[in-house]
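Residue numbers (full-length UniProt numbering): 1 to 243.
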């Protein structure tokens, strides 16, 4: 039986990129469709107030990336935080990427803020600080496409760091068998990352831009993280870890 995943989309792409990439929800659908575990999806753009009906049942809820700040005060962000807290307290599986990674940390008692390190862009390499049964296939380090200027600076209580670097110490974490979050973008492809870099070149500055573009010659392990996410969803929540 296919996993049922609710994708809570928290952004709309730049107008010039919509025709080719559609949206972050579609990018995740494409990522997961390449994995050995069957899944089906429903995408809801929560910026527009679109949420699942109460009677809909999912195996997990995934919060996408966004150009918005996770610590922003916009009403849609506050509504989403309240919704995620309700899901967590109900014992649902929650996943977050970039903005979603930060927002879940904030919702569950951690801290996210503008990082003094500045923009992280291009491909970034992380050390793996922990291993769990669903982290299969196993690797010794991780590379992911990234695009962020905010970071999780304090983890929620009970969170375990999975991946870290000097630039981003809390690059991925999990809370038991219920919450799994990554700062990097497993759903991104090199061409989309390059398009974002080109659009932000003036803002990033030449040094950061050219270094990030050069890093795109490296492969990233987004598909690996996509498989980990699906295995995490399949993995049962123990009573000890239930919210």
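Here a beta-carbon is modelled for each residue, glycine too, at the ideal position from N, C-alpha and C.
The continuous stretches of alpha helix (DSSP H) do not include residue 189, and DSSP gives it neither H nor E.
Residues 141, 142, 143, 144, 163, 164, 165, 168, 171, 172 and 184 of the same chain have their beta carbon placed closer than 8 angstroms to that of residue 126, with the five preceding and five following residues left out of the count. Assigned with DSSP and collapsed to three states, residue 22 falls in coil, not helix or strand.
Relative to residue 48, the option among 188, 87, 104 and 75 whose CA is nearest is 75. With respect to the C-alpha of residue 85, the residue from 179, 43, 68 and 220 having the closest C-alpha is 179. Here DSSP, grouped into helix, strand and coil, assigns residue 48 to helix. In this structure, the alpha-carbon of residue 89 lies about 29 angstroms from that of residue 12.
Residue 23 and residue 14 have their C-alpha atoms spaced approximately 9 angstroms apart. The beta-bridge partner set that DSSP reports for residue 203 is empty. Taking a contact to require three or more Cβ pairs closer than 8 angstroms, the region 200–208 and the region 66–73 do not qualify as touching. Pairing residue 70 with residue 112 gives a Cβ-Cβ distance under 8 angstroms.
Unbroken alpha helix (DSSP H) runs of no fewer than 4 residues, entirely contained in the UniProt domain "Glutamine amidotransferase" (80–191), are found at 99–107, following chain order. C-alpha of residue 21 to C-alpha of residue 10: approximately 15 angstroms in a straight line. Between residue 108 and residue 175, the beta carbon gap of about 7 angstroms places them in contact (Cβ cut-off 8 angstroms).
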